[in-house]
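Novice:
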Amino acid sequence: MDLSYGSEYSDFREEVRGFIAAHQEKSPSQASMRGAEGLAWQKLLLDNGYHSRTVPKAYGGFGAEPDILKSRIISEEFSAAQLSTGLGGQGISMLTPVLLEMGTEGQKLQFIKPTIMGEMIWCQGYSEPGAGSDLASLTTKAELDGGDWVINGQKIWTSTAQLADWIFCLVRTEPDAPKHQGISFLLFSMDTPGIEIRPLVDMTGDANFNEVFFTDVRVPKDQIVGRRGQGWQVANAILGHERGSLAPPDAAENRLKGIIKLMETETIDGHRVMDSPVFRDRLMKLQGQVLAMRCNDMRLLSARINKGQDARLAGMIVKLQGTELRHELEGFAIDVLGEIGLAYEDNPYLRGNGSWQYQYMYFLGLIIGGGTSQIQKNIIGERGLDLPREPKVAKA
Amino acid sequence: MDLSYGSEYSDFREEVRGFIAAHQEKSPSQASMRGAEGLAWQKLLLDNGYHSRTVPKAYGGFGAEPDILKSRIISEEFSAAQLSTGLGGQGISMLTPVLLEMGTEGQKLQFIKPTIMGEMIWCQGYSEPGAGSDLASLTTKAELDGGDWVINGQKIWTSTAQLADWIFCLVRTEPDAPKHQGISFLLFSMDTPGIEIRPLVDMTGDANFNEVFFTDVRVPKDQIVGRRGQGWQVANAILGHERGSLAPPDAAENRLKGIIKLMETETIDGHRVMDSPVFRDRLMKLQGQVLAMRCNDMRLLSARINKGQDARLAGMIVKLQGTELRHELEGFAIDVLGEIGLAYEDNPYLRGNGSWQYQYMYFLGLIIGGGTSQIQKNIIGERGLDLPREPKVAKA
Amino acid sequence: MEFGLSSEQTLLQDTVNRFLDEQAPLATVRQIAAAEIDDGAIWKGLVELGIPALLIPEHMGGVGLGSLDAAIVAESLGYHATPAPFLGTAVMAPLAFIQSGQQEALLGAMAQGDYRVGIAFGEAIGARNDAGTQFSSGKLTGKAIFALDAAADGYLVATREKHLYFVEATAKGFSRRLLTTVDKTRTTVELVFDGVVAELVSQDPGVFNQVLDAGRVMQAADTLGAAQYALDQAVDYAKQRKQFERVIGSFQAVKHMCAEMAASLEPCRSLVWYAGHALDHMPDESRVTACHAKAHLAEVGRFVAKTATEVHGGMGFTDLVGLHYWFKRIGANRQLLGSPELVREEAARLQGMVA
Amino acid sequence: MEFGLSSEQTLLQDTVNRFLDEQAPLATVRQIAAAEIDDGAIWKGLVELGIPALLIPEHMGGVGLGSLDAAIVAESLGYHATPAPFLGTAVMAPLAFIQSGQQEALLGAMAQGDYRVGIAFGEAIGARNDAGTQFSSGKLTGKAIFALDAAADGYLVATREKHLYFVEATAKGFSRRLLTTVDKTRTTVELVFDGVVAELVSQDPGVFNQVLDAGRVMQAADTLGAAQYALDQAVDYAKQRKQFERVIGSFQAVKHMCAEMAASLEPCRSLVWYAGHALDHMPDESRVTACHAKAHLAEVGRFVAKTATEVHGGMGFTDLVGLHYWFKRIGANRQLLGSPELVREEAARLQGMVA
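Residue numbers (the UniProt record's numbering), protein chains in the order written: chain W, 1 to 396; chain A, 1 to 396; chain G, 1 to 355; chain X, 1 to 355.
(1) On a CA-only basis, which of G:F327, G:L323, G:A295 and G:F244 is nearest A:K285? Give me that one, please.
(2) Would W:E101 be called buried (16 or more neighbouring beta carbons within 10 Å of its own) or exposed?
(3) Buried or exposed: G:H80, going by 16 or more other Cβ atoms within 10 Å of its Cβ?
(4) Taking the alpha carbon of A:R17 as the point to measure from, which residue in A:D67, A:A36, A:H51 and A:E77 has its own alpha carbon closest?
(5) Answer yes or no: do G:A152 and G:P83 have a C-beta to C-beta separation smaller than 9 Å?
(6) Exposed or buried, G:D222, counting other C-beta atoms within 10 Å across all chains shown (16 or more means buried)?
(7) Going by beta carbon distance, what residues of the same chain come within less than 6 Å of residue 357 of chain G, once the five residues before and after it are set aside?
(8) Do you know offhand how far G:A220's Cα is from G:R186's?
(9) Output, in chain order, the set of chain G residues within a Cβ distance shorter than 9 Å of X:A253.
(10) Under a CB-based cut-off of 9 Å, is G:S264 close to chain A?
(11) Going along chain W in order, which residues have a C-beta closer than 8 Å to the C-beta of G:G313?
(12) So what's X:G40 in DSSP terms, helix, strand or just coil?
(13) Going along chain A in order, which residues have a C-beta closer than 8 Å to the C-beta of X:A34?
(14) Between W:G308, W:G365, W:G88 and W:P175, which has its C-alpha nearest W:A136's C-alpha?
(15) At which residues does the alpha helix (DSSP H) containing X:P283 begin and terminate?
(16) Mind checking which residues open and close the beta strand (DSSP E) that includes X:D194?
(17) For chain G, find out if any of its Cβ atoms is closer than 9 Å to the Cβ of A:A252; answer yes or no.
(18) By Cβ distance below 6 Å, which residues in the same chain neighbour G:T141 in space, the five residues on each side in sequence not counted?
(19) Can you find a CB in chain W that lies within less than 9 Å of the CB of X:R344?
(20) Looking at the C-beta of X:R269, does it have a partner C-beta in chain W at a distance below 9 Å?
(21) Do you know offhand how far G:M188's Cα is from W:E196's?
(22) When you compare only the Cα positions, how much space is there between G:D14 and X:V354?
(23) Which residues does DSSP pair with W:T267 in a beta bridge?
(24) Compare the C-beta of A:K377 with all C-beta atoms of chain W and state if any pair is closer than 9 Å.
(25) Is the distance from the Cβ of X:C258 to the Cβ of W:L385 below 9 Å?
(26) Classify A:D297 as buried or exposed, calling it buried when 16 or more other Cβ atoms lie within 10 Å of its own Cβ.
(27) Taking all protein chains shown into account, decide if G:H292 is buried (16 or more other Cβ within 10 angstroms of its Cβ) or exposed.
(28) Should the stretch 11–30 of chain X be called in touch with the stretch 300–316 of chain X, which here means at least 3 C-beta pairs below 8 Å?
(29) Quick check: the stretch 182–201 of chain W against the stretch 157–168 of chain W, are there 3 or more CB pairs under 8 Å?
(30) Given W:G35, which residues of its chain have a CB within under 8 Å of its CB, disregarding the five upstream and five downstream residues?
(31) What in chain X is Cβ-close to A:Y126, meaning under 8 Å?
(32) By DSSP, does A:Y126 sit in helix, in strand, or in coil?
(33) I believe A:F111 touches A:T158 by the beta-carbon criterion, under 8 Å. Please report the beta-carbon distance rounded to the nearest angstrom.
(34) In the DSSP output, what is X:A278 paired with across the bridge?
(35) Check whether chain A comes within 9 Å of X:H296, counting only Cβ atoms and requiring the distance to be less than that.
(36) X:N209 by DSSP, collapsed to three states: which one?
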């Protein structure tokens, strides 16, 4: 057990700290991430290897060898200094790794650099109204007509669709093949005629997602990643990237700290909520759970560095446990606040900018999204514990 | 809403109270229920219609019209006076109603009277090692050989097998029929050659159940209830009787009272457990649940009296909720007791005769037995909420 | 012996349900939640059904029904997530006025839908931060937060001493502002009293308690209805929605989620009935029972609201199916008039368990 | 950076596991639980593996390993529900003697399996009813209940002041009797001190706390192992047992029960490792971490013990599969050295949250 990163990393940490000291005043606010200030900051990060660190130089990255501890040090130091770690989004976190792995040289050269520079924003066309948990049953179809795919159908849960320049999209190209083998992975501009975007308002009151409709959308034949019918494998490579990142324990820790502060400042009949043993006991239960998830995360980090360490199951449970825990944490904060916990939007009694209620709902969405808790349990049971899959149903 | 039993029942209550005042000193202790004292008490109850009240006189009962409120008044008054309500057991609670409904006149005359008199003790041959939740897959077979059924196979979960004079038993008589249509319901003496009983020790340390092995057990052909192959319907009629009676809320209420007493008397560092807000909050949560189940029970009672009142779902959830709640209650008592909660058997610090630990385990058994919680949820989902059954599995 | 609803009560519930099905569908709830229209039309309809007159004795011009009847109405309102000033104007205020013999003149106007009374009890239950009101020399000073009903014509205000006062919304020195919450089907407000003329309703904590108990049982009933709606919707959705070429309700995971909701909710129905009955007929039990109904429904409601949303998958998270109105209403019922921890402690105190 | 077991630690765990697989199978556990044999042979084997010498520094004749190593052993013992005086004789007593510099002479005998030390800490953690001990003029008077190890040669006794004393089981005025519990894989006793000569080990509450923390982490590790065993058994059973012509593990209900166990238990492994590491290396965090490990494992353990039994159906309830030994061991770990409510309150106090 060695929780330090070792002396060989001290230099790197110093280097990061030096960069931060020199440049921190340039870090943009969240709101201006896509503005000039944000793009300049992004370029600075890219040039210094603090973003897209392992992406080859030819594609606009820094070309460094993968080093998980260095990545972690960067995120630790930026987080401690409360600086922006640069642009995120599905183009950067999901598409770029996929292109690096499965794209053609031309695709890599064309798409990666503008994507990580923030000049090309992507959205994901994946789920459909009829294809949620059973994603592979998607029916948006693309048919070849001359040199073009002609796309018809509908996507849902498409975040940032209004902002996006391009979309990476799963479509059915071989309607007669088994469902997992008839899907292709296409890339196309959101300016292509025939695309309609409708914001999808959710329970938080915001439109965090959209519906996207395709009517005879024409896409050049070569804008495909992988081969025809290989889209499902491409998509699964992406899903892996998504699942790990939904509920990092540091966010849960910060929320817990926020709750402790609430309990120390909010009062009922003049007594601090912290002085209620019942609330304190619930707090300690949650603190224990958050600590366990933090430890689990350290183990996962370690297993990525140290080959041979098995943490497969520890990784599989993160989405399920992490999202449920966050939902519970936010709900506990609402209980701590009592009536004030109901405050929303322009309410002057709002605490934490209304984030307790917002996140309480948003994390219920995350419990459902990206593989519902029920799908997660199937995965844990079948892939983690080697229990048999649901048997095939007899034809009626 | 009328919680009184109405003035027309006051006379009956007075009558019961009069009986109790006159005879209460004859009520036997639990231990001597099967002794001379117990059998005399049983006879007294039968003669006065306080046991087997609606069983026709011809079969040894009192021959009264069914009246649920009278039955309830009897049980309330006997419970208030802490008197024995007479013999129970599977012969009385399960076989007798079945014989009344599906037995031949000869069977009724032969079996019911000695059963309710306590002269004939029954056990149930139902579950098998390979047939638990999937009871209908039972394989103990009975083949006709001349005038006899010849039985081979094994039963499990047979309580009181050592005490029993006779057994009512499900056996497969038509091996080629669909599994629900190949079962018959046989009655036979436990003295029949070829029966071996092995006590089945459980987690409480007691042998609350047995395994029973049959090797060429010969049973006269006519000792069958219902027709050949009709045993499943007979069995289901019995199961209905069993499920309602596993977790009556008055027992839960008594246990809750016991916990309150524990919390008032047990101390930690000189402070009563009741003075701990955390334990008090858990107590109140449980009290709320127990109250809800009590109210649910009143509704069920009412629905049995007042035709047209729908309480189907309210009845279906009793086994699931009742057993889980009792297990939780007993576990809470163990927490209240701390280390002392671990005491068992001859431990001088035992509280409540060790019943907290015993019932904690026993009710885990009841969560499993008589239809596991998972089976209960299937039933609630499918029969209560009309959700579709699990589809048939394709042949591999 | 009959533990359940009488035929009159069933008729009452059917009548209210039919009215709400027709006149207060989701589309209308949405409009009111978006402040495009107010709840006036719905309230007018409920007034025509006699709802605000329900608890007012016949000799005072009311219908003279009981708390259980009111609870049945509350359940229907919860089932439909109906925006209406029922809790204050039809239950808590009438009870307070009847019990104290004060403001009886208002009862007629309330019964006819001409006067709405909001409720400011939070500070007497567990005052948050700096909120609280003081009465002296006939005037009320201070602040009440998360008082019920932004459109009320007057408010019943409880001080920490559990004294009840009545204040007109037009009184000098009175001001209020809307406190937006997640639950847009009801409104809450901040009331500021700058030496406002107030009339004493009762200095008897017994009256306060009785009114509070009734309010809590109504909230429990509202949660019962809202949770039943959420469960019904989840079951319906599970029967229709297909994934993996099966309706999802045939998957044991989804089926068991529905079964668990039903198993925990079904006894709540009986608990609410009992608590409603106890308010009028079982003075020894009614206070503890009201606490249990409020707290237990808060817990079961939270579980059902979450689980029903999950059964709906992503749709449950969207505004499209509108389930969130019920989710939020259940959440608001949990916190208002005493959050569960507080209410359970009160139940323990009432039983002499708190040293 | 390496968050996990070193190759030496993996080797240690493998070695202990192999020994226990072979020498302490369920049949042996049964015999000991039935008091047909004692735990002497198992302990002898563990002594040969160096287990009681683990925490004793090399210059005192021990192996000089750390708390995480001990926790790994505790996990193995829990996994096998092994009857052995590990907690007292291999962890808590050596730590107390080493930290205080007292009774060092005993360490050698303990390491060689010639001396067992039981632990009587209950009264310093939360004294039940009339239990408690007083020390004056060199003698101990009073009573300790649910002390660990009925076969100990001496006991480490904590008073309410968190002072530690050592008492020999042969001392005049000392008597003990077995306190039977549900968990037959370990023994607990009542100790009565009638003016027994006792030697002061430490008056420093810091020493008491350190020993207690270590004990709690070991119990958490024991529960981790026991719960992992229960889960493994449940998964195995679910793969073999057929009902409705399918292995039950293919039913979503059973599969999800297993998945829920794994999901809640897997992070516990990391928590226990961290807590074990913290005992030696992170003095600022170690106390709170030990509390969380103890309390969290108590809750997860209870859930897993129940659920694994349910997955086994009726078999889980019987003595046949023997799962109940683990169920009860997890139950005992929950209550001994501080039940979860008590331990969580301590965690809050350590963080300055209790006014």
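Yeah, the Cβ is synthetic: ideal placement off N, Cα and C, and Gly gets one too.
Specialist: Concretely, from the data shown:
(1) Position 285 of the second sequence, counted from the start, is the residue given in the question as residue 285 of chain A. For the options G:F327, G:L323, G:A295 and G:F244, the alpha carbon positioned closest to that of A:K285 is the one of G:A295.
(2) As a working mapping, residue 101 of chain W is identified with position 101 in the first sequence. Around the beta carbon of W:E101, a 10 Å sphere encloses fewer than 16 other beta carbons of the protein chains shown; the residue is thus reported as exposed.
(3) Within the third sequence, the letter at position 80 stands for residue 80 of chain G. G:H80 comes out buried.
(4) For this step, residue 17 of chain A is matched to residue 17 along the second sequence. Across the set A:D67, A:A36, A:H51 and A:E77, the C-alpha of A:E77 shows the shortest separation from the C-alpha of A:R17.
(5) Within the third sequence, the letter at position 152 stands for residue 152 of chain G. Within the third sequence, the letter at position 83 stands for residue 83 of chain G. No, the Cβ-Cβ distance between G:A152 and G:P83 is not below 9 Å.
(6) Here residue 222 of chain G refers to the residue found at position 222 when the third sequence is read from its first residue. The residue is buried, with at least 16 neighbouring Cβ atoms inside 10 Å.
(7) This structure gives no information on residue 357 of chain G, because the portion of chain G shown stretches from 1 to 355.
(8) For this step, residue 220 of chain G is matched to residue 220 along the third sequence. For this step, residue 186 of chain G is matched to residue 186 along the third sequence. Between G:A220 and G:R186, the C-alpha separation is close to 16 Å.
(9) The residue labelled residue 253 of chain X in the question sits at position 253 within the fourth sequence. Within chain G, the residues whose beta carbon sits less than 9 Å from that of X:A253 are Q252, A253, K255 and H256, listed in sequence order.
(10) Mapped onto the third sequence, residue 264 of chain G falls at position 264. Chain A contact via Cβ: present.
(11) Indexing the third sequence from 1 puts residue 313 of chain G at position 313. Under the 8 Å cutoff, chain W gives G132, S133, I368 and T372.
(12) Taking the first residue of the fourth sequence as 1, we reach residue 40 of chain X at position 40. X:G40: helix per DSSP, three-state reduction.
(13) Here residue 34 of chain X is taken as the residue at index 34 of the fourth sequence, counted from 1. The contact set of X:A34 on chain A, defined by CB atoms closer than 8 Å, is empty, because the minimum CB distance reaches about 10 Å.
(14) Taking the first residue of the first sequence as position 1, residue 136 of chain W is located at position 136. Ranking W:G308, W:G365, W:G88 and W:P175 by Cα distance to W:A136 puts W:P175 first.
(15) In the fourth sequence, the residue the question calls residue 283 of chain X occupies position 283. Here the alpha helix (DSSP H) through X:P283 covers P283 to V311.
(16) As a position in the fourth sequence, residue 194 of chain X is number 194, starting the count at 1. It spans T188 to V197 - the beta strand (DSSP E) in which X:D194 sits, taken as one unbroken run.
(17) Position 252 of the second sequence, counted from the first residue, corresponds to residue 252 of chain A. It does not; no Cβ of chain G falls within 9 Å.
(18) Here residue 141 of chain G refers to the residue found at position 141 of the third sequence. Cβ neighbours of G:T141 beyond the five flanking positions: Q134, F193 and G195.
(19) Your numbering for residue 344 of chain X matches position 344 in the fourth sequence. Using a CB distance cut-off of 9 Å, X:R344 counts as an interface residue toward chain W.
(20) For the purposes of this step, residue 269 of chain X is taken as residue 269 along the fourth sequence, with counting starting at 1. With 9 Å as the cut-off, X:R269 counts as an interface residue toward chain W.
(21) Here residue 188 of chain G is taken as the residue at index 188 of the third sequence, counted from 1. Here residue 196 of chain W is taken as the residue at index 196 of the first sequence, counted from 1. Per the sequence shown, the amino acid found at residue 188 of chain G is Thr instead of Met. Between G:T188 and W:E196, the C-alpha separation is close to 39 Å.
(22) Residue numbering aside, residue 14 of chain G sits at position 14 when the third sequence is read from its first letter. Residue numbering aside, residue 354 of chain X sits at position 354 when the fourth sequence is read from its first letter. Looking at the backbone, the Cα of G:D14 and that of X:V354 are separated by about 53 Å.
(23) In the first sequence, residue 267 of chain W corresponds to position 267, counting from 1. Paired residues: W:R272.
(24) Along the second sequence, one-based indexing puts residue 377 of chain A at 377. Not closer than 9 Å to any Cβ of chain W, the Cβ of A:K377 fails to qualify, so no.
(25) To locate residue 258 of chain X, count along the fourth sequence from 1; it is residue 258. To locate residue 385 of chain W, count along the first sequence from 1; it is residue 385. Here X:C258 is near W:L385, since their CB atoms are less than 9 Å apart.
(26) For the purposes of this step, residue 297 of chain A is taken as residue 297 along the second sequence, with counting starting at 1. Its Cβ being crowded by 16 or more others within 10 Å, A:D297 is buried.
(27) Working through the third sequence from its first residue, we reach residue 292 of chain G at position 292. If you draw a 10 Å sphere on the C-beta of G:H292, you find 16 or more other C-beta atoms in it, and that means buried.
(28) Judged by pairs of C-beta atoms under 8 Å, the stretch 11–30 of chain X does not touch the stretch 300–316 of chain X, as fewer than three such pairs exist.
(29) In short, these stretches touch, since the Cβ pair count reaches three.
(30) Indexing the first sequence from 1 puts residue 35 of chain W at position 35. Once the five neighbours on either side are set aside, the close Cβ partners of W:G35 are P28.
(31) Locating residue 126 of chain A in the second sequence gives position 126, counting from the first residue. Under the 8 Å cutoff, chain X gives no residues; its nearest Cβ is about 12 Å from A:Y126.
(32) Here residue 126 of chain A refers to the residue found at position 126 of the second sequence. When secondary structure is reduced to three states using DSSP, A:Y126 falls in the coil class, being assigned neither helix nor strand.
(33) On the second sequence, position 111 is the one that residue 111 of chain A refers to. On the second sequence, position 158 is the one that residue 158 of chain A refers to. Taking a contact as a CB-CB distance under 8 Å, the pair A:F111 and A:T158 does not count as one, their CB atoms being some 18 Å apart.
(34) Residue 278 of chain X sits at position 278 when you count from the first residue of the fourth sequence. For X:A278, which the question treats as bridged, DSSP gives no partner whatsoever.
(35) For the purposes of this step, residue 296 of chain X is taken as residue 296 along the fourth sequence, with counting starting at 1. With 9 Å as the cut-off, X:H296 does not count as an interface residue toward chain A.
(36) Mapped onto the fourth sequence, residue 209 of chain X falls at position 209. For X:N209, the three-state secondary structure derived from DSSP is helix.
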